[in-house]
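Residue numbers (the numbering used here), protein chains in the order written: chain F, 1 to 494; chain X, 1 to 375; chain Z, 1 to 372. Using N, Cα and C, we set each Cβ at its ideal position, and we do this for glycine too. Everything numeric in this text was worked out from a predicted model, so none of it was measured.
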Amino acid sequence: MRIKGYAVFALLLIGMILAACGGGGAAQNPTAAPAATEAPAATEAPAATEAPAATAAPSATEAPSGTTGTTDYSRISAELAAAFNREYEGTTVSLLHGLSGEEELRFQATFEPFEEATGITVNLVPGSSTETIAVKVEGGTIEDIVNFPQPGAMASYARQGKIIDLNQFLNPEWLQENYNQGFIDTNTVPDANGNPILGGVFQRINFKSAVWYPKAAFEEAGYTIPETWDEMVELMDQIVADGDTPWCIGIESGGATGWPATDWVEDIMLRTTSLENYDAWTRGELSFDSPEVRNAMQVLTDIWFNDQYVYGGRAAIASTNFGDAPTPMLQDPPQCWLHRQGNFITTFFETNVPGVEAGVDYDFFYLPPIDEQYGKPVLFAGDLFSMFNDRPEVRAVISYFTTYEAIQPWIKLGGGALSPHQNSVLEDYRSDLERRMAETILNADSARFDGSDLMPGEVGAGSFWKGMTDYVSGSANLDQALETIQNGWANVQR
Amino acid sequence: MATMATTRPGRRSGSRLLRDVLINGSLAILCILWLIPLLGLLISSFRERADIATSGWWTIFPHREYVTESQIDLGRGFPVDQPITLDQLGVTVTDDQLRAGYTLPDGRRVIWANRRARLIDVQSQQWAANTNFTLGNYQAVLLGQQYTYTLEDGSTRTEQGENMGKAFLNSLTVTIPATVIPILLAAFAAYAFAWMRFPGRRLMFAMVVGLLVIPSQVAMIPLLRTFSGMQVTGTFLALWLVHTGFGLSLAIYLLYNYISGLPREILESAFIDGASPFTMFMRLILPLSVPALASFAIFQFMWVWNDYLNALIFLGSAPDQQVVTIKLAQMIGSRGQDWHLLTAGGFVSMVLPLIVFFSLQRYFVRGLLAGSVKG
Amino acid sequence: MIQQTSEADKRPVPSPAAGALLTGQFLVGLLGLAVTLGLLWLGFIYLRGARETSVLNAVIAIVWGVGGVGALFVTGNTVIESLPPYWRDRVRPFLFFLPGVGILFLFLMIPTLITLYQSFFNNDTTEFVGLNNYIATFTDRSMLESFRNNLIWLFLGTAGCVVLGLLIAVLADRSRFEVVAKAIIFLPMAISLVGASVIWRFMYAYAPPGQPQIGLQNAIITAFGIPPQSWLTLQPWNNLFLILVMIWGSTGFAMVLFSAALKGVPADITEAAQVDGATEVQTFFQIIIPYIQGTILTVTTTIAIGTLKIFDVVYVMTGGQYGTSVVGTEFYRQFFTNRNFGYGSAIAIVLFIAISPVIVYNLRQLQKQEGF
C-alpha cells in the first residue's frame, strides 16, 4: 500500500524533474559513459585524490543544452558516472537517518530519480540517534551511510578511524566549485593518525541567524525592522513601553535541552569577535573562560535574564519547549514579538497555529550585527552524510549528495530544506522566504557553521547544552556553567 | 476476608458496613489519583492539537469561565500611566489591575483585551465547556498519517502513511516468544535453586541477583557483536534472545522467591508418594506457581511490548519490521512536532497489554494454594 | 558435593533396580536429546533466515522456543532418570538450572565482564589507565550530584512503591471492586514510556502567570492564588516530581506481586488468628506480613534495584538536567554521548557495587531457608 503510494509519488516527481530540466535526464547517460570505464581501480589507491577522471571533460558541463541543475557526473567521481551508466544496477546501499514523519517522506522522494536512473536501491533506515550510531558502529552493524546532523559527532568517529575519507574519490575541484569553502572545511576532520580527511558532505542546510516576527501585527504596530543591534534594543524597549514582551525563548528539548541557547551564544560570538576567534573557539583552542566568550554570555544575559524582555521571564526559558516557544508570538494579539530560531521552526508555526501564512502572518529578519567591524556573518547548520563502508555504489550515492539534484525534489516540494550547492536553482524554492534565506547563505561574506555542532559531541552535544541549561535555570552561576562546559573538552579523545 | 466475615455471625453488621466503606473509600481515592493523569491523556487524545496547547484538558467539563460580553475602546494612545476612569461602568482602575483582571462589584470583570489597542473586555462568569472533540488523532495513528503536498502546478497531493496493522503483528511476533521462553527456563532454574543442592548454588544465585542491576545498555555492544557474528542481527530471533537474556535474571529471582516459599509439607508428601523431582515439578510446582508465572508473564509482556531501544538496535526500523513503539516514534516527527499523536498512540498501544493483563488476572485465584493443601 | 543431604536421602528408595544404569532408557533418552538438539539447531537456522513477519513464523518461533526447551528438559530427564542414583542426584540439578543460568551467563555475565575489563581502560579501550576512571567517578561534580539523587530515589521511590503497593493489594483483597481497582493501578504499567512522558507533561506543564495553565498542578495552585511553578526545574524538589512519575508507574508491579502473595496466605491461618480474638490490624502485622515476607523482600529488592538503575523517566522528562541527573543518565551520557567506554563502564561497575549489600542480604535469606 505504502509502496504503491510511493511509486505514484515517484513517477510524479520524475515527471516534474524531467519537465523542469528539459530533457536533462536523457543527457545524463551519454556524458557519464566515457569516464565510467576507468572507475573501480581507484577504490584501493589512497593517493586517488588526483586520479579518477577528475578533469575528464570540462566542456561536458555545457553539454546538456544549458539547462539548470544538470551536472556532468564524471566530473564528480568515477563511481557516480558508472552508477548513472547503470553499472551498479541491483546493488543496495543502506542509509541511517534521523528523519520521521513528513520530512521522512520528503527525504525518500529525493532518492526516487536517482534510484530510477541508476538501478541502485537506497535503503533508508530511520531511527538514527547518538545511541544507535554508537552501538551499531561498535557492534559492526552500522549502515553504509550515516546522516549526521552534527559534524562534531562525525569527527569523533573519524578520530577512531571508522569513517572513509571522501577525498579518495571525490574530485576536489568539483567540491570547491559547488560548495562554499566553509562547507568543505567544516567536514574536514582528522582521522586516527591525525591526517585531515573529508568526513562527509552536506546535502541540505538550514539558516540559523533568523529573527522571526509576526509580520502583520508588527507592521500595524508601526515597528520597523532593526538593522543594528542597538536598533533592536530600542525596538525591545519600545515593545516593553507599549506593554508587551519582546522575546519568546524556550530551550527545553528533552534530553537535548539547552541547544537553542548554544545557537544564541554562537550568533553573538560571530557578531562580537573575529572569525579566527570563532574558529579557535569551536576547535577548543579558545576557552569558554576567555573574555570573548564571557562577553558573548553577557550580551545573552542582558536579554535573557531581564524578565521584562522575555515572555514568562527567565524561569520560563528552561521549561518551555523550543517548538512551543514561538506560539504566543503568533497569537492575536501577539504575546511576544521576536523569536530567534533556525528556518525549520516554520514547521512548528504551521502545526501549532494552523492557518498562519509565511510572509503574511510571519516573516524573518537577519539577526542584526553588534560590532560593525565583524560585518554581517551568517550562522547555519546542516545535514551531512558520511560513509562507513567502502563500496563503489556507496561512493556513488555519496557523490550524488554533492549535486543539487540530490535535494532538488525536496526544494521543489518546500518544507524547510535549503540547498548548500552553488549549482542550485533559486527559482525552485517554493516560498520567497526560503529563497531569501538560501540567497543570504550562498552570498554571505562570512558564513559559519553552528559552533556547538562543530565541537565534538562531548562538548557540542554534551557539556555545552548542560552548562547553558544549568546557567539559565539557575542551578549554576556563570563561572560554574563555563567550567562545566570547558570540562567537556577533557573528555574529548585526542 | 470478606467471605470470612460472613462466616462469623457474631459480628455486628454496623461495623462491617463501616469497614466496607473505609476500605472501598480509601481504595477509590487511590484509584482516582491514579486515573487522573490517564484521564488527562484520554481526553487529550480526542482534542485538536491547538486546543491541547492552549487550554487544560479539564476544561471539557462544565466550569465557570469569564466570557466577554462587551468591549470598551479607549482609543489608541490613551494614557495608561494614571488611573483610568471607565464611565460606562462607573469605576476607576489602574493599568496593573487591568492586566490582572479587575472584578467589579456586580461580579463582572474588566481586563485588557489588547493593551496596545487600548481595548478592554468586560466579562462575566458563565458556565462553559470546551467540547471541541476530534477523532483525527486516532485516525492518524490507526490509518496512517496524511501528508499533503502542494506541487508546482498548485495542485495538492495527499500521501497516506502506513497503518498500524503490520506494526501490531510485528510486535506480537516479538513479544509472545520473548515472554514464554524465559518463563519456562526460569521456572526450572528457580526450582533448582529453591529445592536442590548442588555445588556453586550460592555463587550462581548471587550472580543471578547481581545481574539484576546491570543496565541492559552495558551488555548491548558485546551482544550486538556476537549476534552480528552469528548473523542474527536484524531478525526476530535476535530480539527474542535479547529479551530472554535480559528478562531471565528477574524471572529466576521472582520465581525463586515464590517457589522457595511453597509450603514444604506439600512437597514432602509428594516425595513420600515416590514422585521424581521432574514429575513433581511438572505436577506440583508449575501448577502451584501459576500466580507467580502469570505475574511475571504480565511484566515481561509489558516490557517487551513497550521496548524501543532493543527493538531499534537488534531488529531495526525497516518498514516491514517496525514494531509499534518504533512506528509511534516515527510518527511524531523528527523534531517532535507531532507529539500530540502520542496521546492517541499511547492508548492504541495499551490495548493489547491490557487484554493480556485481564486474561492472566483470573489466574490469581484466591486460595489456589490453600485449596491444594487442604485437598 | 558439599552436602550429602539431597532430597533422595529422605525419600524411600524408588522401586526397581536402583543402583544400576538403565541402559535402554538411557539410550532412548540420549537419542531424544540428540534429536531435540538437532531440531533446535535446524529451527535456529530457519528462524535466522526468516526475516519477514508472518503469523506462521511467530507460531514456529513459539513452538521452537517453548517446545524446544520443554523437550530438552524431558529428554534430559529421561537420561538422568536412567543413571544410577548416586549420579542421578548429582547431575539432575544441572539439567534444571543450566539452560536458564547458561543463557544468563552468555547474555549478561560475559558482556558485563567485558565491561569490567573496559573500566580500567581509556575511552576507546586502547590504553590501560588503572583506577583513574573510578577516581573520576567519585570526584566529578555531576557524578556526586547523581549519587545524591540516586539515594533520594532509592529511599523515597522504593518506600513509595512498596507501601502503596502493599496497601492497595490489601485493600483490593478485601474490596468488592478488586478486579477494577487492580486494573486501574496496573494501567500505567501498560503504557510505554513515551506515552507516560506525554501524560506527565499534562501534569507538570508550566505557562507564565496570567496565561491559561494547561498543567493540572499549576492550574490547581493558581486557583488558590499561588503563582505557577516550573515543576521540573524547581530544584531540588524536581527530583520528587520525577519520583512521583516512577511511583505512579511502578506501584502496579508491587501490587500485582503482593496480591498474588496475599492469595497464597492460607485462609485457615488467618481464620484461626481471628478466632483467637486478634483484630484485623494485628492479624495483618503478626500473621500476614511474616507470611509474605519473602515477597516483600523480593519486591523491595526489585524496586530498589529499579530505582538505582532509573534512567528512562529522568532522561525523557529532564534529560538529567536541572540537578536531576542520576547514575543511569550519567552512565548513558558517558557511554553514548561522550563514547567514553572506560568511564561509562566504571560507572556501571560502581552501580553494581552499590547494590551488593542487597545481594548479600538476599543470600543470607537464602541460607536461612535451606531446602530440605
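Where residue i falls, given that 16 or more other Cβ within 10 Å makes a residue buried
i: F128 (chain Z); result: exposed
i: A318 (chain F); result: buried
i: K215 (chain F); result: buried
i: S289 (chain X); result: buried
i: N477 (chain F); result: exposed
i: S15 (chain X); result: exposed
i: E427 (chain F); result: exposed
i: W41 (chain Z); result: exposed
i: F61 (chain X); result: exposed
i: L144 (chain Z); result: exposed
i: W127 (chain X); result: exposed
i: P199 (chain X); result: exposed
i: N193 (chain F); result: exposed
i: F133 (chain X); result: exposed
i: T158 (chain Z); result: buried
i: K466 (chain F); result: buried
Pairwise C-alpha distance: residue j and residue i
i: Q331 (chain F); j: A221 (chain F); result: 15 Å
i: F193 (chain X); j: T337 (chain Z); result: 40 Å
i: A325 (chain F); j: V310 (chain F); result: 11 Å
i: G323 (chain F); j: Q123 (chain X); result: 32 Å
i: D173 (chain Z); j: T233 (chain Z); result: 39 Å
i: L254 (chain X); j: Y291 (chain Z); result: 16 Å
i: F155 (chain Z); j: Y361 (chain Z); result: 17 Å
i: V256 (chain Z); j: N306 (chain X); result: 19 Å
i: V135 (chain F); j: D144 (chain F); result: 15 Å
i: V324 (chain X); j: S349 (chain X); result: 7 Å
i: A417 (chain F); j: P177 (chain X); result: 43 Å
i: V265 (chain Z); j: I288 (chain Z); result: 7 Å
i: P392 (chain F); j: Y88 (chain F); result: 8 Å
i: F73 (chain Z); j: T279 (chain X); result: 11 Å
i: V281 (chain Z); j: D20 (chain X); result: 15 Å
i: A39 (chain F); j: S399 (chain F); result: Any reading at A39 (chain F) needs caution, since the residue's pLDDT is 35, under 50, leaving its predicted position unreliable; the model's value is listed next. Their backbone Cα atoms lie some 13 Å apart in a straight line.
i: V425 (chain F); j: T440 (chain F); result: 14 Å
i: E434 (chain F); j: G342 (chain F); result: 11 Å
i: G488 (chain F); j: T139 (chain Z); result: 15 Å
i: Q181 (chain F); j: L170 (chain F); result: 15 Å
i: G10 (chain X); j: W57 (chain X); result: Annotation note: pLDDT 47 at G10 (chain X) (below 50); position unreliable, coordinate value reported separately. One C-alpha to the other measures close to 50 Å.
i: I164 (chain F); j: G234 (chain X); result: 24 Å
i: Q385 (chain X); j: K327 (chain X); result: Outside the shown range of chain X, which is 1 to 375, sits residue 385 (chain X), and nothing can be said about it.
Cβ separation of residue i and residue j, assumed to be a contact under 8 Å, to the nearest whole Å
i: V296 (chain F); j: T262 (chain F); result: The sequence as given places Ala at residue 296 (chain F); Val does not occur at that position. Going by Cβ atoms, the distance from A296 (chain F) to T262 (chain F) rounds to 11 Å, so no, they are not a contact pair.
i: I353 (chain Z); j: Q334 (chain Z); result: Between Q334 (chain Z) and I353 (chain Z) the Cβ distance is about 17 Å, and since that is not below 8 Å, they are no contact.
i: R106 (chain F); j: L413 (chain F); result: 6 Å
**Prompt:** When Cβ atoms are compared, which residues of the region 203-216 of chain Z fall closer than 7 Å to chain F?
**Reply:** Y206, P208
**Item:** Every unbroken beta strand (DSSP E) inside the region 337-407 of chain F [3 residues or more]
**Value:** 363-366, 378-387
Got a sec: which bits of the region 230-243 of chain X sit with their beta carbon under 9 Å from any beta carbon on chain Z, in order along the chain?
-> M230, Q231, V232, G234, T235, F236, L237, A238, W240, L241, V242
### Query
At what residue ranges does the region 316-351 of chain X contain a whole run of the beta strand (DSSP E), taking only runs of 3 or more?
none
Entirely within the region 68-139 of chain Z and at least 3 residues each: give me those beta strand (DSSP E) ranges in chain order. none
Could I get the ranges of all uninterrupted alpha helix (DSSP H) runs contained in the region 213-282 of chain F, with 4 residues as the minimum, in chain order? 215-220, 229-241, 259-272
Which ranges would you report for the alpha helix (DSSP H) in the region 150-218 of chain X if only whole runs of at least 4 residues count? 165-195, 201-211
What are the residues in the region 52-71 of chain X lying within 8 Å of chain Z by C-beta distance? I52, A53, T54, S55, G56, W57, W58
message = Restricting to runs no shorter than 4 residues, where is the alpha helix (DSSP H) found entirely within the region 138-183 of chain F?
response = 151-159, 172-178
According to a CB-to-CB cut-off of less than 7 Å, which residues of the region 438-463 of chain F neighbour chain Z? G457, E458, A461, G462
Notebook entry, point to check: What residues from the region 329-341 of chain Z come within 9 Å of chain F, judged by C-beta to C-beta, listed N to C?
Noted result: T329, Y332, R333, Q334, F335, F336, T337, N338, R339, N340, F341
**Report entry** Contact set between the region 343-376 of chain F and chain X, restricted to residues whose Cβ is under 8 Å from the partner
**Finding:** F344, T347, F348, T351, N352, V353, P354
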